[in-house]
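Report on the structure given below.
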Amino acid sequence: MQITLKYFASIRETMGSSGQVLETQAQTLGQLRDELVQSGGLAAQALGRDRVLRMALNQTLCEEGAALTPGAEVAFFPPVTGG
222 MQITLKYFAS
232 IRETMGSSGQ
242 VLETQAQTLG
252 QLRDELVQSG
262 GLAAQALGRD
272 RVLRMALNQT
282 LCEEGAALTP
292 GAEVAFFPPV
302 TGG
């Protein structure tokens, strides 16, 4: 299925892009993250399991078990702190 990825803050800086359109076989956000990490390169660095990050599916914060649907928008961003 085809989905749209968006990257924010330090993840965008590491990826060198604000997003991309991707063809994936992943069924959940967690599977998508693993697929991207396994592709290596900048994605492995930005989205690796050693990094704390948040995910949104169609502009709603979600956990890794959230199901992907064709045409979904997935956003990755670091946790935000206030002060």
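Residue numbers (my numbering): 222 to 304.
Don't be surprised by glycine CBs; every beta carbon is placed ideally from N, CA and C.
Remember, it's a predicted structure, so these values are computed and weren't measured experimentally.
Measure the CB-CB distance between residue i and residue j and report whether it falls below 9 Å.
i, j, result
"Ile224", "Leu253", "yes"
"Leu289", "Gln259", "no"
"Gly251", "Gly292", "no"
"Leu282", "Arg272", "no"
"Phe298", "Ala265", "no"
"Ser239", "Phe229", "yes"
Report the three-state DSSP secondary structure of residue i (helix, strand or coil).
i, result
"Leu263", "helix"
"Gln246", "coil"
"Glu294", "strand"
"Arg275", "strand"
"Gln252", "helix"
Do residue i and the ligand NAP come close, with the Cβ less than 8 Å from some heavy atom?
i, result
"Met222", "The model on display carries no ligand, and the ligand NAP is accordingly not part of it."
Is it buried or exposed for residue i, if we count other Cβ within 10 angstroms and need 16 for buried?
i, result
"Val242", "exposed"
"Met222", "exposed"
Can you round the beta-carbon distance between residue i and residue j to whole angstroms, since I take them to be within the 8 Å contact cut?
i, j, result
"Glu294", "Asn279", "5 Å"
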